[in-house]
Amino acid sequence: MPPEGIALGTLAFMRTYPWRRIDPVPWTPLAKPLAECRVALVSSAATMLPGDDPFDYSGKAGDPTFRLIPSGTDPQTLVETHPSSSFDHSGMAEDMNVAFPLDRIRELAESGRIGGVAPRHVSFEGYLPAPGRLRKETAPEAARLLAEDGVDVALLFPV
Amino acid sequence: MSLVAAALEREGISTVCVHPVRFVAERMRAPRSLLVPFPLGYPLGRPNDPALQRDVIEAMLAMLEDQALTAPALVEFPAENGW
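Protein chains in written order, with the working numbering: chain A, 93 to 251; chain B, 1297 to 1379.
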């Protein structure tokens, strides 16, 4: 049975797309309690601040670059610029926490469940038929930036 | 997203990645995947439902704390919490 809500064309694409198998699977166990961990968000919804450079959707390979979202941002001011028609964008338009839960992780920091919110978060655009540059260049670059910020945990939310 | 998760883990950052589709999660093998019963475009579920959004994040945090998990770890968010 097809997963609910996925159009047949999208599902056919997903079934035939050569998903890159991660092997070996890297594994970083938590080094300390979550109450001491700094947490960052990573999105593939192409969310950005108004005025950020738009992603370039003109090429076949997709745009492997990313945008940084400062922690103090009100999620409702973010612009979602993912071009895909294969998913419903209206939920994010109504409540950006559906895909970029800045309000929720702030609450978790205030309650002490996590140690703190990272100063910067990362936004990619998820339409990448040829993810070579993402894998070799931009994903490692984003990871280095978060590591420099002292991030312990990243939560990833693809759309 | 799974490829980004792998890059983050290689930098010493622990990750959990939401996945809406099981076979994609199984093929890509992100270090820790939480399978959610929500449509594409809704990784944390219903808009304006902070309780459900918190439950999803809590399920992700629980995966980080579960020392019995091994790579690649795939956990299902309870379907009764879908909509």
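Positions of the beta carbon are idealized from the N, C-alpha and C atoms, including for glycine.
**OP:** Name the residue from A/238, A/127 and A/136 whose alpha carbon lies nearest to the alpha carbon of residue 211 of chain A.
**Re:** A/238
Original post:
DSSP three-state call for residue 162 of chain A: helix, strand or coil?
Top reply: strand
**OP:** Would you kindly check if the distance between the Cβ of residue 231 of chain A and the Cβ of residue 1303 of chain B is under 8 Å?
**Re:** yes
Subject >> Members of the segment 215 to 238 of chain A that neighbour chain B once the beta carbon cut-off is set at 8 Å >> reply: 216, 218, 223, 226, 227, 231, 232, 234, 235, 236 and 238
Original post:
To which residues of the same chain is residue 160 of chain A closer than 6 Å at the C-beta, ignoring the five residues directly before and after it?
Top reply: These residues qualify, in order along the chain: 212.
Original post:
In three-state terms, what does DSSP make of residue 1328 of chain B?
Top reply: strand
**OP:** Have a look at residue 215 of chain A and residue 1367 of chain B and give me their C-alpha separation to the nearest angstrom.
**Re:** 25 Å
**OP:** Output yes if chain A places a C-beta closer than 8 Å to the C-beta of residue 1376 of chain B; else output no.
**Re:** no
Original post:
Considering only C-alpha positions, which residue in the set A/124, A/198, A/151 and A/108 is nearest to residue 219 of chain A?
Top reply: Of the candidates A/124, A/198, A/151 and A/108, the one whose C-alpha sits nearest the C-alpha of residue 219 of chain A is A/151.
**OP:** Report the partner residues of residue 139 of chain A according to the DSSP bridge assignment.
**Re:** A/172
**OP:** Look at the Cβ atom of residue 140 of chain A, then the Cβ atom of residue 171 of chain A, and state whether they are nearer than 8 Å.
**Re:** yes
**OP:** Inspect the CB distances between the segment 100 to 107 of chain A and the segment 182 to 189 of chain A and report whether three or more fall short of 8 Å.
**Re:** no
Subject >> C-beta atoms of residue 129 of chain A and residue 209 of chain A nearer than 8 Å >> reply: no
Original post:
Can the beta-carbon of residue 1331 of chain B be found closer than 8 Å to that of residue 1315 of chain B?
Top reply: Cβ distance < 8 Å, so residue 1331 of chain B and residue 1315 of chain B count as in contact.
**OP:** Could you tell me whether the Cβ atoms of residue 247 of chain A and residue 131 of chain A are closer together than 8 Å?
**Re:** With respect to residue 131 of chain A, residue 247 of chain A sits close: the two C-beta atoms are nearer than 8 Å.
Original post:
If we call anything under 8 Å between Cβ atoms a contact, is residue 1311 of chain B one with residue 1333 of chain B?
Top reply: no
Original post:
Using a Cβ-Cβ distance under 8 Å, would residue 159 of chain A count as near chain B?
Top reply: no
Original post:
Whose C-beta lies closer than 6 Å to the C-beta of residue 242 of chain A among residues of the same chain, with five residues either side of it excluded?
Top reply: 130
Subject >> Distance, residue 202 of chain A Cα to residue 108 of chain A Cα >> reply: 44 Å
Subject >> DSSP-derived helix/strand/coil call for residue 1340 of chain B >> reply: Coil, per DSSP.
Original post:
In angstroms, rounded to a whole number, what distance separates the CA positions of residue 157 of chain A and residue 147 of chain A?
Top reply: Each residue's alpha carbon lies about 8 Å from the other.
Original post:
CB-CB under 6 Å to residue 178 of chain A, same chain, minus the five flanking residues each way: which ones, in chain order?
Top reply: In its chain, beyond the 5 residues on either side, 102 have a beta carbon closer than 6 Å to the beta carbon of residue 178 of chain A.
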